[in-house]
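First the structure, in the form of structure tokens, and then the observations on it.
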Amino acid sequence: MARCRPLRSLLRSDMSLPHALLTALAERPGSGSELADRFDRSIGYFWQATHQQIYRELGRLEQAGWIESLPAESGRGRKRAYRILPAGKKELRRWIAEPEDPTPLREALMVRLRAEAVLGPAGLEDEIRRRIALHQEKLDLYLQIEARDFLAAGDPAAGDPAAGAPAAGESRTKRLQHLVLQAGIANERFWVEFSQHALDTLRLPKD
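Here the sequence shown is numbered in my numbering, starting from -4 and rising by one per residue.
Have a look at this one:
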């Protein structure tokens, strides 16, 4: 088992990726490649990281004494798995309750719109249309995931975080996982609607 070391000497000030990995391991153990794949299909939708970054953070988490690597099973191609330790769960609980200010909006599109307001038409419409297509594609994907993993066929609550009571027998864990997905749905839906409104506004005659 890895010996615990001071946190600050091992981990960056940006704690979101390490804690995202701790969360994934709290759900279930896995090898580095399995974690990277699970990250791509779930947490990666709202916190992106390369596979190289994931492997590097796993090493730091093990040095911190928050996770441990298990001996690889016998057989060719077997990879060692990681699991969270009690110290890792304790750190995750501490982090969950830690105050953190909302992330400020940092979006180049806002600056482009301000620039177009000053300069007049500059061809921003094509970029807006491209963004609408990208956000619509992501929205459709999220709705498919929601229908597959959380909703009964024909459920009218699709994409609505305030809709109705939980399904009979649905666990608190499932409800919270659904809530995270609904946040992604609401975000993509906002950007589709906002971008369409921006496109309509750009088509107005210049002052």
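The beta carbon of each residue, even a glycine, is placed where N, CA and C say it ideally should be.
As summarised for the region 83 to 128, the continuous alpha helix (DSSP H) elements at least 4 residues long and confined to that stretch are 103 to 114, given in chain order.
The shortest CA-to-CA distance from Pro81 to any of Leu171, Ala21, Leu197 and Pro97 is the one to Ala21. Residue environment: Glu63 is assigned as buried (16 or more neighbouring CB atoms within 10 Å of its CB, all protein chains considered).
DSSP, read as helix, strand or coil, puts Glu63 in strand. By the neighbour-count criterion, in which 16 or more other beta carbons inside 10 Å mark a residue as buried, Pro13 falls on the buried side. For Arg78, the secondary structure class from DSSP, reduced to helix, strand or coil, is strand.
Residue pairing from DSSP places Ser26 in a beta bridge opposite Ala76. In the structure shown, Trp186 falls within a helical segment according to DSSP collapsed to helix, strand and coil. Straight across, the Cα-Cα distance linking Leu176 with Tyr50 is about 25 Å. The three-state secondary structure of Ser37, taken from DSSP, is coil.
Asp144 carries a helical assignment under DSSP once its states are collapsed to helix, strand and coil.
Around the Cβ of Gly60, a 10 Å sphere holds 16 or more other Cβ atoms; the residue is buried. Below 8 Å, too few C-beta pairs join the region 97 to 110 and the region 22 to 35 to call them touching: fewer than three.
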